[in-house]
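Read in order, the letters of the sequence shown are residues 1 to 134 in the UniProt record's numbering.
Scroll down for the structure; my scribbles are underneath it.
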Amino acid sequence: MNCDLEENEVFWIVLKSPDPPTQILGSFSSEESPYYFKKSFRSKYSVQFKHRLVINNISADELGVYFCMSTRSPPKFSNSSRIYLNITDTSRLCSAHIETSLEFTDHIETQWNIIFIISALMIISVLIIFLISK
Numbered sequence: 001m002n003c004d005l006e007e008n009e010v011f012w013i014v015l016k017s018p019d020p021p022t023q024i025l026g027s028f029s030s031e032e033s034p035y036y037f038k039k040s041f042r043s044k045y046s047v048q049f050k051h052r053l054v055i056n057n058i059s060a061d062e063l064g065v066y067f068c069m070s071t072r073s074p075p076k077f078s079n080s081s082r083i084y085l086n087i088t089d090t091s092r093l094c095s096a097h098i099e100t101s102l103e104f105t106d107h108i109e110t111q112w113n114i115i116f117i118i119s120a121l122m123i124i125s126v127l128i129i130f131l132i133s134k
C-alpha cells in the first residue's frame, strides 16, 4: 500500500472495527529500520521505498482500513486503503481485496480526536494525583 504523504517519518495505522486504531510501525526516510509497535508485526508487515507498506500472507486477521500518518503536529493523514474479504456464494471461494479510498473520512479523524482527549485527561489526572500526594 502506498503512503501518499511527502514526509520523512510516518506511522502506519490500521482500523479494525470496533477496535481502536492500532499503530503498526514507524517508517523513516533514512536507511534506518522501521520501528514495530509489536514484535509480532515484524513477520507480517514491512516497508519499502517511500513508506510503502507490504503485508505478508494476508489473512482475515489483516482485514481493516490502513492509512499512514505524519509524526509531526498537527498530524496529516493519507488516503486510506481497505482490505476486505469477497465471498462468492456459488463457489464459496474467498479472496482478499484492497480498495483505496480517495477521500479521508471524518470517522478516522473523530477517533483520533477522542484518543487525544482521553490521553490528555489521563496525563492531567496523573499529574494531579502526583501533586496531591506531595
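Beta carbons are placed, not taken as given, at the ideal position from N, Cα and C, and that holds for glycine.
C-beta contact flag for residue i and residue j at 8 Å
| i | j | result |
| --- | --- | --- |
| Ile-58 | Ile-83 | yes |
| Val-54 | Val-65 | no |
| Ile-115 | Pro-20 | yes |
| Ser-27 | Val-14 | no |
| Asn-80 | Leu-5 | In the sequence on display, residue 80 carries Ser and not Asn. No. Outside cutoff. |
Span separating the alpha-carbon of residue i from that of residue j
| i | j | result |
| --- | --- | --- |
| Lys-39 | Ile-24 | 10 Å |
| Arg-52 | Ser-70 | 14 Å |
| Tyr-35 | Ser-133 | 36 Å |
Beta-carbon proximity list for residue i, same chain, < 8 Å, skipping 5 on both sides
| i | result |
| --- | --- |
| Asn-56 | Ser-43, Lys-44, Tyr-45, Ser-46 |
| Lys-76 | Leu-5, Glu-7, Met-69, Ser-70 |
Same chain, Cβ closer than 6 Å to residue i, neighbours up to 5 away in sequence not counted
| i | result |
| --- | --- |
| Ile-123 | none |
Local conformation of residue i per DSSP, three classes
| i | result |
| --- | --- |
| Leu-118 | Looking at the sequence shown, residue 118 is not Leu but Ile. Three-state DSSP puts Ile-118 in a helix. |
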